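Undergrad:
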Amino acid sequence: MPKQTREKVDVTSALKNILDNYPAGSATLREILQNTDDAGAKKQGFILDTRTFGSASLVGSELHVCQGPAIIATNDGYFNPENWESITTILNSSKTQDENSTGKYGLGFRSCYHITDNPHILSGDKLLILDPHARVEEYQGGVELDTRRVPNQAGEIEREVYKDHFTTFSAVLKPEHKVYPGTAIRLPLRLPGFESKLKSTPTDVADARKMFQDFI
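Anchor point for the sequence shown: position 213 equals 213 in the UniProt record's numbering, and the numbering is continuous, going up by one each time.
(1) By the DSSP assignment, the alpha helix (DSSP H) with D207 in it spans what residues?
(2) Is S55 closer than 9 Å to H64 when the C-beta atoms are compared?
(3) Around the C-beta of I216, are 16 or more other C-beta atoms found within 10 angstroms, so that it is buried, or is it exposed?
(4) List the endpoints of the continuous alpha helix (DSSP H) containing D38.
(5) Could you tell me the boundaries of the beta strand (DSSP E) in which V143 lies?
(6) Thinking E11 and G60 are a contact (beta carbons under 8 Å), I'd like their distance in whole angstroms, please.
(7) Do Q67 and P188 have their CB atoms nearer than 9 Å?
(8) Under 8 Å by Cβ, that's how I've got residue 283 and A208 pegged, so tell me the actual separation to the nearest angstrom.
(9) What does the alpha-carbon distance come out to for the pair D38 and P2?
(10) For F194, which residues from the same chain have a beta carbon less than 8 Å from its beta carbon, with the 5 sequence-adjacent residues on both sides left out?
See below:
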């Protein structure tokens, strides 16, 4: 009987190759600004959050590396289904069909991996955490959480059970928000001592501040 098989893609290798074609530093902020334009948003903000948050209520303890300082980019647009599909498809994008979209076929977003291993995207009722190293065995590749305070199929209110993920957005996500009113992209800094297959160079708070200065 024939046996099904297929080619496989090493996600970290694919991302590393993409990074070779995109400059680091403040160019990452410009790429995010282009993605804001793609979403049709009108306002863009950048925050450098230097705080460290708890890690007792995460989907996997391996994601404790995401609980430190981070750059947060906010805009007043919402991700639509095509945006979510594009953000989770590395080498293809719905933007190739949209002449009104800037950016490089969606690949520009991947420049954020110059400074982080785990981009977080919060928009409306969804929080997506990408994990290209597949460190969390139960959710290899990434995990999606519900922002609403409603039980999931297992009876969990994800915003409460995994609250430490949401707390990292406390600079913009307020307790009274039933869903997030816009989009926030959080990039936990790849600090010294973190092992990464994407990039060996760390980004500390001083580096992030220089990114902001160069961008301005």
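The beta-carbon is built from N, C-alpha and C at its ideal position, and this holds for glycine as well. All of these numbers come straight from a predicted model, not from anything done at the bench.
TA: This is what the structure holds:
(1) Position 207 of the sequence shown holds residue 207. Element bounds for D207: 205-215.
(2) Walking along the sequence shown from the start, residue 64 turns up at place 64. Walking along the sequence shown from the start, residue 55 turns up at place 55. Taking 9 Å as the Cβ cut-off, H64 and S55 qualify as a contacting pair.
(3) For the purposes of this step, residue 216 is identified with residue 216 of the sequence shown, where counting begins at 1. Result: exposed.
(4) Here residue 38 is taken as the residue at index 38 of the sequence shown, counted from 1. Per DSSP, D38 belongs to the alpha helix (DSSP H) from 27-38.
(5) Here residue 143 refers to the residue found at position 143 when the sequence shown is read from its first residue. Start and end: 141-146.
(6) By 1-based counting over the sequence shown, the position of residue 11 is 11. By 1-based counting over the sequence shown, the position of residue 60 is 60. It should be noted that the sequence gives Val, not Glu, for residue 11. With a Cβ gap of about 17 Å, V11 and G60 do not count as contacting.
(7) For the purposes of this step, residue 67 is identified with residue 67 of the sequence shown, where counting begins at 1. For the purposes of this step, residue 188 is identified with residue 188 of the sequence shown, where counting begins at 1. The answer is yes: Cβ separation under 9 Å.
(8) With the chain covering 1 to 216 only, the question about residue 283 has no answer from this structure.
(9) Taking the sequence shown and counting its residues from 1, the one referred to as residue 38 is at position 38. Taking the sequence shown and counting its residues from 1, the one referred to as residue 2 is at position 2. Cα to Cα, D38 sits roughly 44 Å from P2.
(10) As a working note, residue 194 is residue 194 in the sequence shown. Hits under 8 Å: V65, D117, P202.
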